[in-house]
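Chains as they are written, first to last, in our numbering: chain A, 87 to 200; chain B, 9 to 124.
From the three backbone atoms N, C-alpha and C, an ideal C-beta is built for every residue, glycine too.
On a predicted model such as this, the values are computed, not experimentally measured, just so you know.
Before any comments, here is the structure.
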């Protein structure tokens, strides 16, 4: 099993709908979870992070974490065409000894149709 | 600096030549990461530094790749005897500290390497 897995998509939603992006991870010891957005030809940019089980809201974005199920998701409410991008899930996983390393999934391509 | 900077932004080289890519992290960030991203692909981890040490070099594709960091700041990624398959965007990121809650990584604009 890969350390961080995402559905590659593409995920297509109409403007104004809720987009739901999912990510699973394999290391039960992981404590920190991040969502990044990457526009085509650009570098990844941080959307939000979450450390505790439950929901965390920031504007139109909500991150959800379930450590028991090793599952983290990102909901985008009132999706806009400008949200069309690749969304990367990143998780801190063990990297030998007591070191942890942020590990990225391969990303889900989201398209929001006007 | 205000953000992570990388130079050059673009590099075109001939097969077999050596190249050096530079990354200047956000001031005060002790962790620095190098990634590679080929067209349409995900981020491929190469190496990370905590201070001047590299706890994990597992992502370096071959012994032609090396990286160093001095003074806990600037890092250089060197590719010797470049091959066409080395063509990609090389991204650098920095964070306050590797691992845990402080490992929010901020990315530079990348260096696009083209090997002819």
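Could you tell me the alpha carbon to alpha carbon distance between residue i and residue j, rounded to whole angstroms?
| i | j | result |
| --- | --- | --- |
| residue 113 (chain B) | residue 77 (chain B) | 17 Å |
| residue 82 (chain B) | residue 32 (chain B) | 5 Å |
| residue 142 (chain A) | residue 153 (chain A) | 14 Å |
| residue 65 (chain A) | residue 28 (chain B) | Because chain A is modelled from 87 through 200, residue 65 (chain A) falls outside the range shown and cannot be assessed. |
| residue 18 (chain B) | residue 140 (chain A) | 42 Å |
| residue 92 (chain B) | residue 109 (chain A) | 33 Å |
| residue 124 (chain A) | residue 49 (chain B) | 12 Å |
| residue 96 (chain B) | residue 20 (chain B) | 11 Å |
| residue 35 (chain B) | residue 118 (chain A) | 23 Å |
| residue 174 (chain A) | residue 90 (chain B) | 29 Å |
| residue 16 (chain B) | residue 42 (chain B) | 15 Å |
| residue 115 (chain B) | residue 178 (chain A) | 17 Å |
| residue 181 (chain A) | residue 64 (chain B) | 7 Å |
| residue 138 (chain A) | residue 22 (chain B) | 49 Å |
Do residue i and residue j have their C-beta atoms closer together than 9 Å?
| i | j | result |
| --- | --- | --- |
| residue 133 (chain A) | residue 151 (chain A) | no |
| residue 171 (chain A) | residue 196 (chain A) | yes |
| residue 98 (chain A) | residue 199 (chain A) | yes |
| residue 112 (chain A) | residue 156 (chain A) | yes |
Between the options, which has its C-alpha nearest residue i's C-alpha?
| i | options | result |
| --- | --- | --- |
| residue 59 (chain B) | B:85, B:119 and B:38 | B:38 |
| residue 148 (chain A) | A:138, A:174, A:156 and A:163 | A:163 |
| residue 131 (chain A) | A:165, A:176 and A:114 | A:176 |
| residue 24 (chain B) | B:119, B:13, B:94 and B:107 | B:94 |
- Validate contact between the stretch 66-76 of chain B and the stretch 41-56 of chain B using beta carbons, cut 8 Å, 3 pairs: yes
- Counting only runs that start and end within the stretch 81-115 of chain B, where is the beta strand (DSSP E) found for 3 or more residues in a row? With a minimum length of 3 residues, the continuous beta strand (DSSP E) runs that stay inside the stretch 81-115 of chain B are 83-87 and 96-103.
- Task: Scan the stretch 153-197 of chain A and note each continuous beta strand (DSSP E) run of 3 residues or more that stays entirely inside, going in chain order.
- Result: 157-162, 171-180 and 186-190
- Task: Note down, one range per segment and in chain order, each beta strand (DSSP E) of at least 3 residues found wholly within the stretch 11-71 of chain B.
- Result: 13-15, 18-21, 27-32, 39-45, 52-58 and 61-64
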